[in-house]
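Undergrad:
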Amino acid sequence: ISAPDVGYELLDAKGRVLAEAELAWPDIRVAILLPEAADGPQFTAQGWHIFTADSGEMPAALKTLLMETLA
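Heads up, the sequence shown is in the numbering used here, so the first residue is 7 and it goes up one at a time.
1. Between which two residues does the alpha helix (DSSP H) holding residue 13 run?
2. In this structure, does DSSP put residue 72 in helix, strand or coil?
3. Can you tell me whether DSSP reads residue 59 as helix, strand or coil?
4. Excluding sequence positions up to five away, which residues of its chain have a Cβ less than 7 Å from the Cβ of residue 55?
5. Using the Cα positions of residue 12 and residue 58, report the straight-line distance between them to the nearest angstrom.
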């Protein structure tokens, strides 16, 4: 699995920051946000898969998306 971009900034067409993710895989449009982040709608509006970081295990859907990058 490729390494994520840490502190990823989602930009608009003019280069302005729309939202931020703790971790992101831009090539496959997957991002992990902190529980208190309100940036999810900006990412989902642009077709991203969003997950929330918590102290639990990695969600199965996230594992699947990341493993698909190896195929």
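For glycine and all other residues, C-beta sits at the position ideal for the given N, C-alpha and C.
Nothing here was measured: the structure is a model prediction, and the numbers come from that model.
TA: Looking at the coordinates:
1. Residue mapping note: residue 13 aligns to position 7 of the sequence shown, counting from 1. First-last for residue 13: 11 to 17, but that is the beta strand (DSSP E), not the alpha helix (DSSP H).
2. In the sequence shown, the residue the question calls residue 72 occupies position 66. Residue 72 falls in the helix class under three-state DSSP.
3. Here the question's residue 59 lines up with position 53 in the sequence shown. Correct three-state label for residue 59: coil.
4. Here residue 55 refers to the residue found at position 49 of the sequence shown. Same-chain partners within the cutoff: 35, 36, 71.
5. In the sequence shown, residue 12 corresponds to position 6, counting from 1. In the sequence shown, residue 58 corresponds to position 52, counting from 1. Using only the alpha carbons, I get a separation of about 15 Å.
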